[in-house]
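A.B. asks: In this note's numbering, the protein residues as written are 82 to 192.
Every residue, glycine too, gets a C-beta built ideally from N, C-alpha and C.
Keep in mind that this is a model prediction, so the values were computed, not measured.
1) Assuming residue 103 contacts residue 163 under a Cβ cut-off of 8 Å, what Cβ separation, rounded to an integer in Å, is found between them?
2) Which value, in whole angstroms, describes the spacing of the CA atoms of residue 83 and residue 129?
3) Between which residues of its own chain and residue 88 is the CB-CB distance below 6 Å, once the five residues before and five after are set aside?
4) Under 9 Å between the Cβ atoms of residue 116 and residue 175?
5) Return the CA-CA distance between residue 137 and residue 114, expressed in angstroms with no decimal places.
6) Taking only beta-carbon atoms, is residue 149 less than 9 Å away from chain C?
7) Taking residue 148 as the reference, which of 119, 178, 121 and 139 has the closest Cα?
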């Protein structure tokens, strides 16, 4: 497992703050529409990463116990780092946890 950012700090931030962080990626100054841009980036990445996330047995095993929020975020981070192409994997992992990984993967995990 790779070294992890402080997930407890990220988990304490609100969703809009995390989305704004995503919306700032690639800009030297904060764009005016960072929140909207971040929300669009997040939705696009969620769709494109669904198969990798929901098809990973390790993620599924850790997520079975919903009380292991930090462990789920860390496992997602490890999976996402090579797949996010410069987007902050820790932020994406925390957003997925906050939005509910079990509901995100419900169709895949029902089988």
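C.D. replies: Inspection of the coordinates gives the following:
1) What you label residue 103 is simply residue 22 of the chain shown in a count that begins at 1. What you label residue 163 is simply residue 82 of the chain shown in a count that begins at 1. With a Cβ gap of about 18 Å, residue 103 and residue 163 do not count as contacting.
2) As a first step, residue 83 must be located in the chain shown, where it is residue number 2. As a first step, residue 129 must be located in the chain shown, where it is residue number 48. Residue placement at residue 83 cannot be trusted, given a pLDDT of 46 that sits under 50; what the coordinates show is reported in the next sentence. If I take the Cα positions, the gap works out to 23 Å.
3) By 1-based counting over the chain shown, the position of residue 88 is 7. So the list reads 151 and 154, once near-sequence residues are dropped.
4) Mapped onto the chain shown, residue 116 falls at position 35. Mapped onto the chain shown, residue 175 falls at position 94. It is not a contact, given that the beta carbons lie outside the stated cut-off.
5) As a first step, residue 137 is located in the chain shown; it is residue number 56 there, counting from the start. As a first step, residue 114 is located in the chain shown; it is residue number 33 there, counting from the start. Going by the C-alpha atoms only, they are around 34 Å apart.
6) Absent from the structure is chain C; it holds one protein chain and no more.
7) Sequence index remark: in the chain shown, residue 148 carries index 67 (1-based). Comparing Cα-Cα distances from residue 148 to each of 119, 178, 121 and 139, the minimum goes to 178.
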